[in-house]
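J.: All the letters of the sequence shown, read from the start, carry residue numbers 106 to 698 under the numbering used here. Just so you know, even glycine gets a beta-carbon here, dropped at the ideal spot from N, CA and C.
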Amino acid sequence: MIKFKKVLTELDLPKNVAVDPYFKQIVNNYKYNAYLNSYYEDYDDSAFDFKTKNAVMTVELNGKQNNFDKVTFSLGGQSSRYFTKPGYNIKIKNGQNLYGRRQLKLRSDVVEASYMRTKLVSDIHQRLGLTGIAANYATLYINDEYMGLFIITDSYKTSWVEFEYGEKDTTSLYKCDLLYSFLSYESSKDACFNANDEATDNSEFEEFLKTLDAAQSADDIEDIFDVDHFLYEMALEYLLGAWDHYITYGHNYFMYKPKGGKWIYLSHDFDLDLGQSMDKVVMDVIVVDLPERMNILNLDYPNYSYGDWIKHQHLTDILIFKNPQRFENILKNVVKNVFNPSVLYPHIDELKEFIRPYVKKDKTPNANGKLPGVLNEDATDYYSYEQWEANTEFTSVKEIQYFGYGIKYWILAKYRNICNTFKDLECDATFLDEYYYYPIDEEVEFPGYFGELTIPRPKPRPYQPSESTIITTTTTELIPSSTVIESTPTNNIPNDTKPKYQCFSELLGFPCCPSGVSTVYAQDEYGDWGYDFENNQWCGLTPFETSLIQEDSCWSETFGYHCCIGCQIILTDESGTWGYEENQWCGIPSYCN
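(1) From Leu404 to Gln170, what does the alpha carbon distance come to, in whole angstroms?
(2) Would you be able to state if there are at least three C-beta pairs under 8 angstroms between the segment 218-227 and the segment 253-263?
(3) Once the 5 residues before and after Leu476 are set aside, which same chain residues still bring their CB inside 6 angstroms of it?
(4) Going by DSSP, what residue range makes up the alpha helix (DSSP H) through Met339?
(5) With a threshold of 6 angstroms on Cβ separation, who are the neighbours of Asp331 within its own chain once the five nearest residues in sequence on each side are excluded?
(6) How many Å lie between Cys672 and Ile693 at the Cα?
(7) Please list, in chain order, all residues of the same chain as Lys362 whose beta carbon is under 6 angstroms from its beta carbon, the five residues on each side excluded.
(8) Within a Cβ cutoff of 6 angstroms, which residues of the same chain sit near Ser680, ignoring the five residues on either side of it in sequence?
(9) In chain order, what residues of the same chain have a beta carbon less than 7 angstroms from the beta carbon of Thr353, not counting five sequence neighbours either side?
(10) Looking at C-alpha atoms only, which residue of Leu402, Ile401, Glu433, Met399 is the closest neighbour of Gly412?
(11) Within a Cβ cutoff of 6 angstroms, which residues of the same chain sit near Thr682, ignoring the five residues on either side of it in sequence?
(12) What are the start and end residues of the beta strand (DSSP E) that includes Arg562?
(13) So Lys210 and Gly181 are in contact, right, with Cβ under 8 angstroms, and what is the actual spacing, rounded?
(14) Please name the residue in Lys503, Glu547, Asp228 whose C-alpha comes closest to that of Ala239.
(15) Report the option in Leu402, Pro407, Lys466 whose CA atom is closest to the CA atom of Asp378.
(16) So, with DSSP's three-state summary, where would you put Val161?
(17) Check the C-beta distance from Asn481 over to Phe155 and give it rounded, since I have them as a contact under 8 angstroms.
(18) Alpha carbons only, please: which of Phe287, Phe609, His230, Asp328 is nearest the one belonging to Leu345?
(19) Between the alpha carbons of Arg431 and Leu283, how many angstroms are there, rounded?
(20) Quick one, which of His373, Phe375, Met399 has its alpha-carbon nearest Asp384's?
(21) Need the endpoints of the alpha helix (DSSP H) that Trp493 sits in, please.
(22) Based on the DSSP output, what are the partners of Gln642 in its beta bridges?
(23) Taking the alpha-carbon positions, what's the Asn138 to Lys528 distance?
(24) Which residues in the same chain have their Cβ closer than 7 angstroms to the Cβ of Cys524, if we skip the five residues on either side of it in sequence?
(25) Does the count of Cβ pairs from the segment 210-219 and the segment 503-511 closer than 8 angstroms reach three?
(26) In terms of residues, what are the limits of the alpha helix (DSSP H) holding Gly253?
(27) Does DSSP put Gln607 in a helix, in a strand, or in coil?
(28) Considering just the uninterrupted stretch of the alpha helix (DSSP H) at Ser308, what are its terminal residues?
(29) Residues in its own chain within less than 6 angstroms of Asn445 by CB, not counting five upstream and five downstream?
(30) When DSSP labels each residue in this structure, what does Cys691 get in the three-state scheme?
(31) Within 10 angstroms of its Cβ, does Val176 collect 16 or more other Cβ (buried), or is it exposed?
(32) Mind reading off the beta-carbon distance from Phe287 to Leu420? Whole number of angstroms is fine, and I expect it under 8 angstroms.
(33) Looking only at its chain, what residues have a beta carbon closer than 8 angstroms to the beta carbon of Glu269, apart from the 5 residues adjacent to it on each side?
(34) Considering only C-alpha positions, which residue in the set Ala319, Asn241, Tyr204 is nearest to Trp265?
(35) DSSP three-state label for Val266, please.
(36) Is the beta carbon of Phe173 sitting closer than 8 angstroms to the one on Tyr193?
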């Protein structure tokens, strides 16, 4: 828990005005795009900024309290500050630190539904032993007002370098946040900025960029650039469907050179990873009246090859496409050791249960009907608790413009893609099984732009009747015949008028579907069939109604056999057409004709 005291009473944000909601959306979209354009032109962003250098902070963790009497507290993030619940930056002063950290970020990650993408990607980095930021969760109070659940992370600053590498006031940490910086001299010399405001000499970084430009293979830069680390990051960006880093937009990363060491690529801002808002890259604009444009787009993102996803830039050409074996070995190592359901699903479940009560509280309005931490009430990026529950599993949910894949589904689909691509990779057959079950919450599922499904439904296992219902038509002595009738026709017909069955499937020895199973996977003479994935068996959905099957008389009663209720024909002989129900032969009724 983190509490902030004596910080601010009101942010200087635009006041609410009564305008048409559609116009509000237009204005909000303009604000967002205008902010992005501020990278390239003068734009007054002061109306969306706040900073105080006189905050006091109290941090509570596991019952232990730490107090800080000099803190700079400010609005954080870029486009995220226009969402309902902005993020914040913290800088601890007077030589104090929080577990070695002096600069931290609090992010609401409201752009995605799970509260989990940043944390998961950070944990994946740590499990692989890659240098990167740490992430965890915190609840925030400002002036004793509960602001909700946040993700707290390190921040790549000179103080981070000092803590991680022991180098004080480094001048070799560069922030590359402007778009289309692909580590070439032309694209990056003016797009990456020294994190040390007092540094004026950037010649070493510029020479590094020129060396990368001149390189024709990894051998040419191996002594100055941590190639393996970069390839691990590229493998992760591909597996995560990450588009807001180097591969696609060429930003949201840092470059750092330790004393006497090699330049290293440092990634950050993971809230758009793991299958989030991917249509932004490929589709961008949804063109309703140009279906031919939409039809040629490959929107099957989990099944993109790395050649499809990774842009051809000079650095990726010489390190990946001209020498794929090294990259592919790293890619397979990441999948084998981390990026697979066996490792990630239990961790997701653990995180989910840990944050569940805080998510519930975050989705609960106060007495005034206001949600915790919401400052921009005009924004429309709110996710419900049900969407959180579903998106941390397998269900895609809608966001402001596009949609986010269910986290577990993205991992499953990408894992299958890699395993099917690299046949020498040892994979878990459980998750490759085409009948592996995953639940979809259709109540909150993204319905598609034109009513199409964004992810396929799990396949039910093939129809396999139990032994009691398997019929062998070649056993002729089982065939009913008028020559073997010994009893009167009515002896085999029960007099009990009370229905014996709840659904038609019970006639074939299959149970009715339990509550919660409603998806129709098959239809036949016995109605609709569902599949009970928990018990791995087919089940019936159509209720049994005697009024639907009663006849005044049945032709097979003459031979001492009931009339069938269903219409499934097993065989035909000179007497008529026969079915098999309740472990005995029956005549196909006339209403089946």
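T.: Result, derived from the coordinates:
(1) The straight-line gap from Cα to Cα measures roughly 49 angstroms.
(2) Yes, since at least three Cβ pairs between the segment 253-263 and the segment 218-227 fall closer than 8 angstroms, the two stretches touch.
(3) Within the same chain, Cβ atoms closer than 6 angstroms to the Cβ of Leu476 are found at Pro470, the five residues on either side in sequence being excluded.
(4) Taken as a continuous stretch (DSSP letters only), the alpha helix (DSSP H) holding Met339 covers 332-344.
(5) The answer, listed in chain order, is Lys367, Ile369.
(6) Rounded to whole angstroms, Cys672 and Ile693 show a C-alpha spacing of 6 angstroms.
(7) The residues are Ser277, Trp368.
(8) Beyond the five residues adjoining it in sequence on each side, Ser680 comes within less than 6 angstroms, by CB distance, of no other residue in the same chain.
(9) Once the five neighbours on either side are set aside, the close Cβ partners of Thr353 are Val386, Lys416.
(10) Ranking Leu402, Ile401, Glu433, Met399 by Cα distance to Gly412 puts Glu433 first.
(11) Residues of the same chain with a CB within less than 6 angstroms of the CB of Thr682, apart from the 5 flanking positions on each side, are Ile674, Ile693 in chain order.
(12) Per DSSP, Arg562 lies in no beta strand (DSSP E) and is assigned neither H nor E.
(13) Here Lys210 really is in contact with Gly181; their C-beta atoms are around 6 angstroms apart, less than 8 angstroms.
(14) Nearest in C-alpha terms to Ala239, of all of Lys503, Glu547, Asp228, is Asp228.
(15) Minimum Cα distance to Asp378 is reached at Pro407.
(16) Under the three-state reduction of DSSP output, Val161 falls in the strand class.
(17) No, Asn481 and Phe155 are not in contact; Cβ-Cβ is about 13 angstroms, not under 8 angstroms.
(18) Answer by Cα proximity: His230.
(19) Roughly 29 angstroms between the two C-alpha positions.
(20) Looking only at His373, Phe375, Met399, the smallest Cα-Cα distance to Asp384 is reached by Met399.
(21) Segment 490-496, the alpha helix (DSSP H) holding Trp493.
(22) DSSP output for Gln642 lists Asp637 as bridge partner(s).
(23) In this prediction, Asn138 has a pLDDT of 45, which is less than 50 and means its spatial position is unreliable; nothing more can be read from the coordinates.
(24) Cβ neighbours of Cys524 beyond the five flanking positions: Leu530, Cys532, Leu537.
(25) Under the 8 angstroms Cβ criterion, the segment 210-219 counts as touching the segment 503-511, having at least three qualifying pairs.
(26) Per DSSP, Gly253 lies in no alpha helix (DSSP H) segment; the continuous beta strand (DSSP E) that holds it begins and ends at 250-259.
(27) Here DSSP, grouped into helix, strand and coil, assigns Gln607 to coil.
(28) Per DSSP, Ser308 belongs to the alpha helix (DSSP H) from 308-319.
(29) The beta carbon of Asn445 sits closer than 6 angstroms to the beta carbons of Tyr520 from its chain, once the five residues preceding and following it are set aside; these are given in chain order.
(30) Here Cys691 sits in strand by DSSP.
(31) Buried, because 16 or more other Cβ atoms sit within 10 Å of the Cβ of Val176.
(32) Between Leu420 and Phe287 the Cβ distance is about 7 angstroms, and since that is below 8 angstroms, they are a contact.
(33) Once the five neighbours on either side are set aside, the close Cβ partners of Glu269 are Thr236.
(34) Comparing Cα-Cα distances from Trp265 to each of Ala319, Asn241, Tyr204, the minimum goes to Tyr204.
(35) Residue state, collapsed to three classes: helix.
(36) Contact: no.
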